[in-house]
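Before any comments, here is the structure.
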């Protein structure tokens, strides 16, 4: 035996990942395979569509939303007849299967109501 080893054998340096792989292989070879039962995902709750209405004197913007996500549907022009205007919005609600309405209330910058707010509340 040469004097440079001083009784120990030199081994190449191994990475921590290599050590982890070896330890994992050894642990799995001696331990019986026990797998937990698969987890089942919670059933998804169906979110009912909601129709958002932004009432205006000339036109009304309509969007549909499910949960937090919404998408624009169309802009309904005001023909001067409130009944026909409301019927057009209800037709959109029926087409989309909406179960609720959210109507926007226009407020001034300081939070007070404007002329348009009164028309929207009617």
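Residue numbers (the numbering used here): 74 to 195.
Beta carbons: idealized from backbone N, C-alpha and C, even for Gly.
Beta carbon of residue i nearer than 7 Å to that of residue j
i, j, result
"residue 177", "residue 127", "yes"
"residue 139", "residue 120", "yes"
"residue 124", "residue 166", "yes"
Whole-angstrom C-beta distance between residue j and residue i, which should lie under 8 Å
i, j, result
"residue 172", "residue 122", "7 Å"
"residue 162", "residue 148", "At roughly 11 Å, the Cβ-Cβ gap does not stay under 8 Å, so residue 162 and residue 148 are not in contact."
DSSP beta-bridge partners of residue i
i, result
"residue 124", "137, 174"
"residue 148", "134"
"residue 180", "186"
"residue 142", "139"
Own chain, CB closer than 6 Å to residue i, minus 5 neighbours either side, in chain order
i, result
"residue 181", "187"
8 Å Cβ shell around residue i - same chain, five flanking residues per side excluded
i, result
"residue 169", "122, 124, 137, 146"
Contacts around residue i, its chain only, beta-carbon distance under 7 Å, and the 5 residues preceding and following it disregarded
i, result
"residue 179", "187, 189, 190, 193"
"residue 142", "none"
Note to self: Does the structure place the region 107 to 118 close enough to the region 133 to 150 that three or more beta carbon pairs sit under 8 Å?
What the structure shows: The region 133 to 150 is not in contact with the region 107 to 118.
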